[in-house]
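Sequences listed follow chains A and B, in order.
Here the working numbering is used: the first residue of the first sequence is 14, the next is one more, and so on.
Here the working numbering is used: the first residue of the second sequence is 14, the next is one more, and so on.
Note that beta-carbon positions come from the ideal geometry of N, C-alpha and C, so glycine has one too.
There are 2 protein chains.
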Amino acid sequence: MRASAASEIATVDRILDVAERLVQTLGFNGFSYGDVAGELRITKAALHYHFPTKGALGSRLVARYGEAFRGALAEIDAAESEARRKLARYARLHAGVLRGNRMCLCGMLAADQATLPREMRARVRAFFDANEAWLGGVLEHGRRAGELRFDGAPREQARVLLSALEGAMLVARSYGDVARFTSVAERLLAALAAD
Amino acid sequence: MRASAASEIATVDRILDVAERLVQTLGFNGFSYGDVAGELRITKAALHYHFPTKGALGSRLVARYGEAFRGALAEIDAAESEARRKLARYARLHAGVLRGNRMCLCGMLAADQATLPREMRARVRAFFDANEAWLGGVLEHGRRAGELRFDGAPREQARVLLSALEGAMLVARSYGDVARFTSVAERLLAALAAD
DNA sequence: GTCTATAGGTGGATAGAC
DNA sequence: GTCTATCCACCTATAGAC
């Protein structure tokens, strides 16, 4: 391994980038090694050198996606202190994914759940867990601060929010209409406002 | 075509039953003619006699599912007059689908959207449209009657509800935990209560 | 790290006998 | 309406040369 110039991207990452987009648009059973290889102008055999099986590729995909998301959540925490602004940025995170007709990687894989290797399934759940935990923290803090109003446990309310946003992506994508998502997201957040 | 005894089920319907379950659990790209044929102990060629292409089978599947759902909504309208009770039964409809690890057929197909033939995509949207229209009507009526409280257009609120329920199914299925769905559904309906 | 070549299987779909 | 037989494209994955 040598030092690489800034403009170069390691083959592994280029594979992950293409595969990620394909999974998010077509589903885990809707893309093939051939699709990825063809787009990168390498052979399927070269792909297998980097990722011996499709499941291994999928696992790395979910792991990387989860890390990136956790990074984005940390950025939100660093940039915003108000709960309502944090939630608004969280929703915008998903809206960003939706542009380009992409579904949340883990929402898509949740649909393919029954056909995935064990490890991928576990990682998808871990992604949801992390999102719920973060949302739960924001909700709890926001309610304590008097910014937000809702009944019951923050963690339960977090599940409502996560489910609703994943579903809003799913449905909005059927219409190719991001506004459908943002409209739902705005209503969900407005319902939590204390004023 | 001859009169058939009550216990007999036409081959076409048995095909649709099996295919429906497979799509709801595995996704449209996660099942094959071979799977259906194997389960019914007929050959793939026999399947092609009834449904020349996979897309034709899929279209019939969505059409039938939509009709069944409309029937269920009509039943709810006939049995209940209060908006809150209608919505509760609507949520129970989805909970029933979720048992047996099934996803809403159209929610699943929404994930597979990009890989579907045009006609199937249109039928999936029609399903969502019909659900939104029915929910919008119930919400509007419920608010007028003072049973429900929410801001904005009923049709917009209907989209929130539909998205959230679809998403709740998607996420709950990852955990194999129907309670996750019912908990979210109850919170959504409680948030609409006027009291 | 990428290639050619290929294995071994399965995908959807068709032809023609019964 | 169901079968056998078959087509061809594609799938994931491996072996071995460069």
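Under 7 Å by beta carbon: chain B residues contacting residue i
| i | result |
| --- | --- |
| A204 of chain A | A204 |
| L175 of chain A | V184 |
Chain-ordered neighbours of residue i on chain A, where CB pairs are closer than 7 Å
| i | result |
| --- | --- |
| E169 of chain B | S196 and R200 |
| R193 of chain B | R172 |
Reference residue i, options the options, closest by Cα
| i | options | result |
| --- | --- | --- |
| A185 of chain A | B:V110, B:D208, B:L152 and B:R134 | B:R134 |
| A198 of chain A | A:G43, A:E88, A:L106 and A:A92 | A:L106 |
| A203 of chain B | B:K67, B:R97, B:R131 and B:G79 | B:R97 |
| I89 of chain B | B:E179, B:W147 and B:L53 | B:W147 |
| F141 of chain A | A:A76, A:A108 and A:P130 | A:A76 |
| E169 of chain B | A:F44, A:E21 and A:L201 | A:L201 |
| A174 of chain A | B:G189, B:I28, B:F194 and B:G155 | Checking the sequence shown, residue 174 of chain A turns out to be Leu, not Ala. Out of B:G189, B:I28, B:F194 and B:G155, B:F194 has the C-alpha closest to the C-alpha of L174 of chain A. |
| A81 of chain A | A:G150, A:I22, A:L29 and A:D48 | A:L29 |
| G84 of chain A | A:A143, A:F163 and A:T128 | A:A143 |
| E52 of chain B | B:V31, B:E145 and B:A69 | B:V31 |
| Y188 of chain B | A:D164, A:E160, A:A124 and A:S187 | A:A124 |
| S196 of chain B | A:A171, A:C119, A:A23 and A:M116 | A:A171 |
| L74 of chain B | B:D190, B:D164, B:E132 and B:A192 | B:E132 |
| G113 of chain B | B:E93, B:F64 and B:M182 | B:M182 |
| D190 of chain B | B:G150, B:R115 and B:G165 | B:R115 |
| A23 of chain A | A:G150, A:H63 and A:G109 | A:H63 |
| V151 of chain A | A:L178, A:L86 and A:L70 | A:L86 |
| F41 of chain A | B:V110, B:P65, B:A108 and B:A127 | B:A127 |
| G68 of chain B | B:L122, B:D164, B:D26 and B:E21 | B:L122 |
| G109 of chain B | B:E95, B:A192 and B:S176 | B:A192 |
| L205 of chain A | B:A91, B:E179, B:S176 and B:D164 | B:D164 |
| A104 of chain B | B:L178, B:A50, B:A58 and B:D26 | B:L178 |
| G180 of chain A | A:G149, A:L111 and A:T66 | A:L111 |
| G79 of chain B | B:A58, B:E33 and B:R54 | B:E33 |
Cutoff 8 Å: residue i Cβ touching any chain B Cβ
| i | result |
| --- | --- |
| G79 of chain A | no |
| F141 of chain A | yes |
| R282 of chain A | The question about residue 282 of chain A has no answer, for chain A in this structure spans 14 to 208. |
| R172 of chain A | yes |
| R209 of chain A | A query on residue 209 of chain A cannot be resolved here, the shown segment of chain A reaching from 14 to 208 and no further. |
| G120 of chain A | yes |
| Y62 of chain A | no |
| S187 of chain A | yes |
| A207 of chain A | no |
CB contact below 8 Å: residue i versus chain A
| i | result |
| --- | --- |
| S45 of chain B | no |
| M14 of chain B | Residue placement at M14 of chain B is poorly supported in this model, since its pLDDT is 47, which falls under 50; the coordinates still yield a value, given next. Output row for M14 of chain B: interface = no. |
| G68 of chain B | no |
| S72 of chain B | no |
| D125 of chain B | yes |
| E179 of chain B | yes |
| M133 of chain B | no |
| T56 of chain B | no |
| Y103 of chain B | no |
| G149 of chain B | no |
| L39 of chain B | yes |
Interface partners of residue i on chain B, CB under 8 Å
| i | result |
| --- | --- |
| V25 of chain A | The premise fails here: V25 of chain A is roughly 25 Å from chain B at the closest Cβ pair, so nothing lies under 8 Å. |
CB-CB length for residue i against residue j, believed under 8 Å
| i | j | result |
| --- | --- | --- |
| P167 of chain A | E153 of chain A | 4 Å |
| Y46 of chain B | L35 of chain B | Not quite, the Cβ-Cβ distance comes to about 10 Å (not below 8 Å), so this is no contact. |
| A207 of chain B | R157 of chain B | Incorrect: roughly 11 Å between the Cβ atoms, too far for contact. |
| C119 of chain A | V137 of chain A | 5 Å |
| R230 of chain B | E93 of chain B | Here chain B comprises residues numbered 14 to 208, so residue 230 of chain B is not present and cannot be evaluated. |
Beta-carbon neighbours of residue i, restricted to chain A and to distances below 9 Å
| i | result |
| --- | --- |
| G165 of chain B | R200 and A203 |
Exercise for review: Could you tell me which uninterrupted alpha helix (DSSP H) segments, each at least 4 residues in length, are contained entirely in the segment 59-139 of chain A, listed from first to last along the chain?
Suggested key: Counting only runs of 4 or more, we get 67-92, 96-111 and 118-125.
Exercise for review: Scan the segment 136-162 of chain A and note each continuous beta strand (DSSP E) run of 3 residues or more that stays entirely inside, going in chain order.
Suggested key: Qualifying beta strand (DSSP E) stretches: none in this window.
Practice item. Write down every uninterrupted run of the alpha helix (DSSP H) in the segment 160-203 of chain A whose length is 4 residues or greater and which is fully enclosed by it, in chain order. Key: 167-188, all fully within the segment 160-203 of chain A.
Check your understanding: In the segment 17-57 of chain A, which residue ranges form an unbroken alpha helix (DSSP H) of at least 4 residues, counting only runs that do not cross its ends?
Key -> Considered as a whole, the segment 17-57 of chain A harbours 24-39 and 46-53 as its complete alpha helix (DSSP H) runs of no fewer than 4 residues, in chain order.
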